[in-house]
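Novice:
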Amino acid sequence: MPVRPSRRTVLAAGLAWPLATACSGPGGDAPRGATRITFWSALRGSQQVVDAFNRSQNRIQVVFRQIPSGDQGGYAKLSNAVRAGNAPDVATIEYPQVPGFAIDGVARDITDLVGDRLRAKLLPQALRLTTFAGRVFTVPLDVEPMVLHYRTDLFARHGSGPPRTWDEFTAVARKVRDDRSRLVAFATDGATQFAAVSWQAGAQWFDTAGGAWNVSLADAATRRVAGYWQGLIDEGLVFANGVQGRQGDAQIGQGLVLARLSGAWDAGAQMKARPGQKGKWAIAPLPQWDPAQPAVGTHGGSTFAVTRDSAHPEAAMEFIEWQVSHPDALRARLSSGTSSQYPAAPDLVEVGRKAFDRRYYGGQDIYRLFETEALKIRDGWTWGPRMSATQRVLQDGFARASAGQGTLLDAVRDAQRATMPDLLALGLATTERSS
Amino acid sequence: MTTTLARPESASRTPAPRVRTRHRQGTACAVLMAPFFVLLVVVFLVPAGTALWLSFFGADEPGLGFGPEHTIFVGFRSYAAVLADPTFLGGLGVVALYCLLYLPLLVVTSLGLALLLDSGVARLRGSARLALFLPHAVPGIIAAIIWLYLYLPGLSPVVDLFGKAGITVDFLGIHTVIPSMVNIALWSNLGYNVVVFYAALQAVPREVIEAAVVDGAGGVRTALRIKTPLIRASIVMVVLFTLIWSLQLFTEPMLLSQATPMITARFSPSMYIYDAAFTRNNYGLAAAASVILLMCTIALSYGVTRWTNRTREAAQ
């Protein structure tokens, strides 16, 4: 039957591709005697940062390779490279995947390499997200509090301002709804968005107390958040669809969706993707459950790891420290185009504010807003050991819920049920709560 | 084959030919069968053995998992994890449903077409056979791409046409993805199975058919009561092969999953294994799931063979 060979061909191609790209040797010529390290990232502007670093000194020569983003094959490439023994010295890992790569031994324990000077430069909440059982595994580059991006012109047409609480959010959703448009789209492909709003409400999906992974996806706070969004969906106040494809693009592009809940970085992405909507957007703090005790979760953000087999961990660490804390690094990254990355080193915020072109957001000082929001990031959140898989099952459930089968809470419970076997097979100590 | 080659030589020359002939036969046997055994070992036994080993051993770190790794024997832990995973069991359910739809449809349709071709009712037999067989020459992944194009709203002329008639169809909806995949498989494999059945029908002795006609059986009756029981062995073979092929459902859902969220990353057992190994980096889990799938396949094949043997004996 012809299906079998073709299946093998696909697999073979899939397996060969990372090998083929990983085997081709790095280019560029290093100055004599310099330590040569390699760096992989999917982040835009990384080449500019690497060039700036190589110009700034002559002891370390960084060779950069742009790789696909994590879910597009970047993470698989990294895992395979480590297994094959040809991993880069420095790799880029997003927050949710840090524990997984730490457990797999891809990210090296760098506790002893992270000096007090670097620690002092970083936002403590950000560093705690990459610290497990007292050991540091990666260094945060940016930390992205979730904010409300909204269309000022369309809000004004309905006589609305940005909602400050989730009750107001519902009220605004009722007010602005018409036969074509809605306030927001609930992202059925956005497990990280859902995680961020649950995080804000006080959810604790994972924690590592007592030397075990305590899993509790459907805790009280998450149930509240799931119920809230289910209500909005059932009442027809929000769309429920994938936001990363064409449909989501069209909804924003045609003004069918008036607002978006995402990390601070999304401002830059918006500027790049839709230059025609210049001056129509503003950013507001995320609506709160209790304005007296404001909190937010984060959505997005990257960290840097030194890989297990790196021959030059000190040099790798020096490069990482420069990347996350030196003003020239941020300037180089921002020079590549439009970015609104919120640095995890608070000293760099001023650099970002100056470099950012405010005209798109009608002169709004969005970095000032991010600064106040970053301080509200609820401390104590921990990502799980197989977060990509957990998120994917969650999204599968969201998609089914949007097609009328099951609810958002069912999706959360299914995600927990499908996560436990993974952890069990990895030999981790686990406990389950509130399923 | 070897005996016919060796005989004339041994008869004409050596006085004590027996031992040497047997020796030569043994060598010829070994040479001719070596490729088979080499391939069996390299592409089946070694991978299966590796999977078995992976499923019973794990690189463990105690507690939270951040410490140094040690490879230890973990017993049936990975198996317990797979069997406790609702997504794996869901995948088995999907495949069961797929088989339930696909198997009868494929067997009945291809048998019907083969009988039609054989009966002489159909004109242009040669071209009909070619037309039916042609899709089978299209590799599965290409077939899936073609059908994906026909299923996707916004791209598909079919969906467009229905839309103009005021009918909204969603071929990739929550209840339609499995029938849509059955359709792709049917399109690909129908012709092949028609040819298998048609070839078997050619071997049915003409006297038997003539006797049936003389006894007054019509065309339909001859087809159903005489010809079909006589090609029973082919039917069993087709059922068996299709069953094994269906259990490994992978290409079509993998490709369609790009276009619809209704096909999850762990939609079928094969996709579960792929996902466990390559996106979850959980090789123990993937290996255990592979072994379980292999066991299921062996058990089902054995069951089908036993069941058909028993019914045949009962019939006789």
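If you're matching them up, the sequences are chains Y and V in order. When we follow my numbering, the leftmost residue of the first sequence carries the number 415, and every step to the right adds one. When we follow my numbering, the leftmost residue of the second sequence carries the number 246, and every step to the right adds one. All C-beta atoms, glycine included, are put in the ideal place defined by N, C-alpha and C.
(1) Can you give me the C-alpha to C-alpha distance between V/D415 and Y/S455, rounded to a whole angstrom?
(2) So, for Y/Q539: in the same chain, excluding its five sequence neighbours on each side, which residues have a beta-carbon less than 6 Å away from its beta-carbon?
(3) Given a limit of 7 Å on CB to CB distance, which residues of the stretch 538–557 of chain Y reach chain V?
(4) What would DSSP say about Y/V553, mapped onto helix, strand or coil?
(5) Do you know whose CA, among V/T496, V/E558, V/V286, lies nearest V/V427's CA?
(6) If distances are taken between C-alpha atoms only, which option among Y/A599, Y/A617, Y/S739 comes closest to Y/K535?
(7) Which residue from Y/R588, Y/L783, Y/R773, Y/R814 puts its Cα closest to that of Y/P689?
(8) Where are the beta strand (DSSP E) runs, 3 residues long or more, that stay fully inside the stretch 582–620 of chain Y, in chain order?
(9) Take the Cβ of Y/N655 as the centre, count every other Cβ of all protein chains shown within 10 Å, and call the residue buried at 16 or more, exposed below.
(10) What separation, rounded to the nearest whole angstrom, lies between the Cα atoms of Y/R450 and Y/I474?
(11) Determine the contact status of Y/A599 and Y/F608, defining contact as a CB-CB distance below 9 Å.
(12) Anything in the stretch 515–534 of chain V with a Cβ closer than 7 Å to a Cβ of chain Y? List those residues in chain order, please.
(13) Take every Cβ of the stretch 774–787 of chain Y, pair it with every Cβ of the stretch 796–805 of chain Y, and state whether three or more of those distances are shorter than 8 Å.
(14) Using a Cβ cut-off of 9 Å (strictly closer), state whether V/V536 contacts chain Y.
(15) Could you give the distance in angstroms between the alpha-carbon of Y/N500 and the alpha-carbon of Y/Y489?
(16) Look at the alpha carbon of V/V549 and the alpha carbon of V/P349, and state the distance between them as a whole number of angstroms.
(17) Helix, strand or coil for Y/C437, going by three-state DSSP, please let me know.
(18) Who are Y/T712's beta bridge partners in DSSP?
(19) Once you ignore the five residues that flank V/L530 on each side, which residues in its own chain have a CB closer than 7 Å to its CB?
(20) At 4 residues or longer, what runs of the alpha helix (DSSP H) sit wholly inside the stretch 489–561 of chain Y?
(21) I'd like to know whether the C-beta of Y/A813 is nearer than 9 Å to at least one C-beta of chain V.
(22) Ends of the beta strand (DSSP E) at Y/A852?
(23) Between the stretch 667–678 of chain Y and the stretch 580–595 of chain Y, are three or more C-beta pairs nearer than 8 Å?
(24) Using a C-beta to C-beta distance shorter than 7 Å, which residues of chain Y count as neighbours of V/T332?
(25) Considering Cα atoms alone, identify which of Y/S470, Y/D723, Y/P727 is closest to Y/V528.
(26) Examine chain Y for any beta-carbon lying closer than 9 Å to the beta-carbon of V/T203, and answer yes or no.
(27) In angstroms with no decimal places, state the Cα-to-Cα distance between V/T266 and Y/L838.
(28) List the residues of chain Y whose Cβ lies closer than 7 Å to the Cβ of V/F311, in chain order.
(29) So for Y/F718, helix, strand or coil by DSSP?
(30) Which residue spans inside the stretch 389–448 of chain V form an unbroken alpha helix (DSSP H) run of at least 4?
(31) Verify whether the separation of the beta carbon atoms of Y/S687 and Y/R565 is less than 9 Å.
(32) Just the Cα atoms here: how many angstroms apart are Y/G519 and Y/P799?
Specialist: Quick answer:
(1) 39 Å
(2) I791, D793
(3) F546, A547, R549
(4) strand
(5) V/T496
(6) Y/S739
(7) Y/R773
(8) 599–601
(9) buried
(10) 6 Å
(11) no
(12) F523, T524, R525, N526, N527, G529, L530
(13) no
(14) no
(15) 14 Å
(16) 14 Å
(17) Confidence at Y/C437 is low in this model, with a pLDDT of 40, below 50, so the placement of that residue should be treated as unreliable; the coordinate-derived value is given next. Of the three classes helix, strand and coil, the one that applies to Y/C437 here is helix, per DSSP.
(18) Y/P559
(19) S323, A326, V327, A521
(20) 512–517, 530–535, 538–542
(21) yes
(22) Examination of residue 852 of chain Y is not possible in this model, given that chain Y is present from 415 through 849 alone.
(23) yes
(24) V807, A832
(25) Y/P727
(26) The requested residue 203 of chain V does not occur in the structure, where chain V is confined to residues 246 to 561.
(27) 60 Å
(28) A516, I517, F546, A547, R549
(29) strand
(30) 402–409, 422–447
(31) It should be noted that the sequence gives Ala, not Ser, for residue 687 of chain Y. Contact: no.
(32) 12 Å
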